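In case it helps, this note's numbering puts the sequence shown at residues -4 to 83.
Yeah, the Cβ is synthetic: ideal placement off N, Cα and C, and Gly gets one too.
Predicted model only: the values in this text are computed from it and were never measured.
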Amino acid sequence: FIPSLSDTIKEMLKDTKVNCLRVTNRALVNAYLRNENNHAEVSLNELTPEDVFNRLLNAMQVGDDKTNAYRLAFKTILEELSNQGINP
-4 FIPSLSDTIK
6 EMLKDTKVNC
16 LRVTNRALVN
26 AYLRNENNHA
36 EVSLNELTPE
46 DVFNRLLNAM
56 QVGDDKTNAY
66 RLAFKTILEE
76 LSNQGINP
């Protein structure tokens, strides 16, 4: 039995204050990571978690009123993961 990604994430976060709200399709994430100028693919290893999150916000055209709140929430999540010894 191979657990689904969502189950794995939920298990990892069960003793933390972090809740996973959504698991996204990897193909969709990779499509957003494409460089808009030359359509070259960017490796996840070359990006920080903040870079990936900001690219997704831009691609999803999240309004300015929500962008700052989402960025603050994401920063808080990364800090909580770091405090738990999890390197995102």
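Subject >> Close beta carbons around residue 72, own chain, < 7 Å, minus the five adjacent residues each side >> reply: 13
**OP:** Pull up the distance between the alpha-carbon of residue 0 and that of residue 60, whole angstroms please.
**Re:** 31 Å
**OP:** State the Cα-Cα distance for the pair residue 38 and residue 10, rounded to the nearest angstrom.
**Re:** 31 Å
Original post:
Is residue 19 helix, strand or coil by DSSP?
Top reply: coil
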